Amino acid sequence: MTPSLYNEDLVVRPTMDIEVPLLQTYVDGLDRALGGGIPRGSTVLVAGTPGTMKTSLILWMMHENARLNGVKSLYVSLEQDMDSLKAGAARMGMKNLHESSVYILDMGQLRRGLARSESSKDWFTILYEIIKEAVSASGYGVLALDSLEALYALSEIKTPRREMFHFLSSIKELGLTTFLIAEQPFGSTRLAQWGEDFLADGILNLRQVEVGETDVQLRLRCIKMRWMNHDHNALALNHDGQKFFVTHVISKKK
Ligand SMILES: Nc1ncnc2c1ncn2[C@@H]1O[C@H](COP(=O)(O)OP(=O)(O)OP(=O)(O)O)[C@@H](O)[C@H]1O
Ligand SMILES: [Mg+2]
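So in my numbering, spot 60 of the sequence shown is number 440, and the numbers just go up one at a time.
As structure tokens, then:
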């Protein structure tokens with residue numbers, strides 16, 4: 381059979397018959413594919429290879445929720461500093477990130493918080509305490525931690541899986557919708573190192589896929605989203621300079 385181009389249908393199913401307050405992503409087409417959005421209070425793993433717009437996508441959701449719904453967000457960046465994040469966001473249509481209700485906490489500020497903490501405390505505890513304090517002081521509704529790998533690199537944890545379980549359970553009790561960004565090495569099929577994929581309520585996977593000889597497409601797939609009857613197919617994630625949107629995947633069928 382001769383190879384032909386085909387469009388995979390964007391399958392949209394309604395949400396299940398339970399009332400779940402949802403956080404919209406404001407990525408055109410994605411909320412529909414998720415069955416309406418992301419259940420508030422969920423912990424969502426955002427796993428992707430380098431440069432797959434993990435940071436930009438989450439900042440976008442935060443930016444739009446601040447702009448349209450007045451939701452406050454806290455973005456904890458363990459590697460990239462605040463100025464670099466803001467500059468990247470501005471190039472992607474988030475020009476007033478600094479004026480909106482998206483608060484970025486970077487390593488510089490965290491280290492100042494660390495200086496006030498007891499030296500015996502580990503990074504998981506320090507980070508949890510800083511987040512808890514920030515949430516009770518400012519009423520954040522959404523949290524992002526970028527990235528899990530950077531957190532592991534800082535902490536010398538002996539029992540990572542157990543500590544991760546405790547950390548995520550404590551974060552969950554704060555009631556925030558939480559995005560955990562995980563860096564996936566090229567070629568790896570593993571989404572996370574210490575079972576975070578099982579602990580998380582939802583998983584969004586981002587990867588670059590070669591289409592034909594020359595084209596590369598950025599693809600987003602919702603692998604799981606508890607309580608939602610979501611589309612499991614891969615979607616192409618695009619940004620037109622102003623906003624994010626998903627489209628049907630175009631691939632070569634043999
Ligand atoms: N309009 C656009 N369309 C497609 N890609 C873009 C656009 N603008 C920027 N990019 C790409 O987005 C990537 C940067 O996005 P971002 O920093 O959010 O990715 P990331 O997955 O967080 O990266 P890292 O792995 O370094 O943390 C760069 O590779 C950049 O070339
Ligand atoms: Mg990033």
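Note that the Cβ used here is the ideal one computed from N, Cα and C, for glycine as well. No experiment lies behind these values; they were computed from the predicted model shown.
Check, Outcome
"Ranges of the alpha helix (DSSP H) found wholly within the segment 411-495, counting only runs of at least 4", "434-449 and 462-471"
"Phe624 - DSSP class collapsed to helix/strand/coil", "strand"
"CA-to-CA distance, Leu534 to Gln460, given in whole angstroms", "14 Å"
"Which of helix, strand or coil DSSP assigns to Val629", "coil"
"Closest by C-alpha distance to Pro597, when choosing among Thr405, Thr429, Ser464 and Leu465", "The amino acid occupying residue 597 in the given sequence is Gln; Pro does not appear at that position. The residue with the shortest Cα to Cα distance from Gln597 is Thr429."
"Bounding residues of the beta strand (DSSP E) (the contiguous stretch that carries Ala614)", "Ala614 to His619"
"Residue span of the beta strand (DSSP E) that contains Thr558, given as start and end", "Thr557 to Glu563"
"Cβ pair count under 8 Å reaching 3, the segment 555-570 against the segment 478-491", "no"
"Assigned exposure category for Ala572 - 16 Cβ within 10 Å defines buried", "buried"
"Closest Cα partner of Leu525 within the set Tyr532, Tyr455 and Asp581", "Tyr455"
"Cα-Cα separation between Leu439 and Glu513, rounded to whole angstroms", "21 Å"
"Rounded separation between Ile551 and Ser518 - CA only", "16 Å"
"Limits of the unbroken alpha helix (DSSP H) element including Leu534", "Leu528 to Leu534"
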